[in-house]
Amino acid sequence: PYTPGRSDIVLKWKPPSHNSIDFRLQIRKVVKEGELPQHIGYLYVQHETEPMATMKATKKLLPYDNKIIECTFD
Numbered sequence: 017p018y019t020p021g022r023s024d025i026v027l028k029w030k031p032p033s034h035n036s037i038d039f040r041l042q043i044r045k046v047v048k049e050g051e052l053p054q055h056i057g058y059l060y061v062q063h064e065t066e067p068m069a070t071m072k073a074t075k076k077l078l079p080y081d082n083k084i085i086e087c088t089f090d
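The C-terminal residue of the sequence shown carries number 90 in my numbering, and the numbering is unbroken.
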């Protein structure tokens with residue numbers, strides 16, 4: 017069975033240009049007074065209750081709400 021988290025037994029090497037991390041994406045519509053509503057993506061790791069990061073959620077991302085997504089850093 018799959019066990020989430022780090023394993024010192026398994027070695028998975030990638031070149032730095034291919035490093036990525038998996039997040040659970042939760043998209044929320046944020047409405048601030050006097051501003052247009054916007055969608056914000058909150059990125060969660062494992063079973064954490066606080067997001068590790070946020071990102072602007074475009075229309076293209078909306079179908080991935082509450083899904084696990086693979087992210088890279090440019």
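Glycine included, each C-beta is placed from N, C-alpha and C at the ideal position. Keep in mind the model is a prediction, meaning the values are calculated, not measured.
Compare the C-alpha of residue i against each of the options and name the closest.
| i | options | result |
| --- | --- | --- |
| residue 72 | 83, 42, 26 and 57 | 57 |
| residue 89 | 23, 36, 25 and 20 | 36 |
| residue 74 | 66, 49, 42 and 34 | 42 |
Write down the C-beta distance between residue i and residue j rounded to the nearest angstrom, noting that I regard them as a contact closer than 8 angstroms.
| i | j | result |
| --- | --- | --- |
| residue 47 | residue 53 | 5 angstroms |
| residue 34 | residue 45 | Residue 34 to residue 45, Cβ: 33 angstroms. No contact. |
CB-CB under 6 angstroms to residue i, same chain, minus the five flanking residues each way: which ones, in chain order?
| i | result |
| --- | --- |
| residue 59 | 39, 67, 68 and 69 |
Sorted by chain position, which residues of the same chain lie with C-beta nearer than 8 angstroms to residue i's C-beta, five sequence neighbours on each side aside?
| i | result |
| --- | --- |
| residue 87 | 36, 37, 38, 39 and 59 |
Leaving out five residues before and five after residue i in sequence, what residues of the same chain have Cβ atoms less than 7 angstroms from its Cβ?
| i | result |
| --- | --- |
| residue 20 | 62 |
*Could you name each continuous beta strand (DSSP E) segment of 3 residues or more that falls completely within the segment 36-74, going from the start of the chain to the end?*
Listed in chain order, they are 37-46, 54-60 and 69-72.
*asked:* Below 8 angstroms, how does it come out for the segment 29-37 and the segment 77-84: are there three or more Cβ pairs, yes or no?
replied: These segments do not touch.
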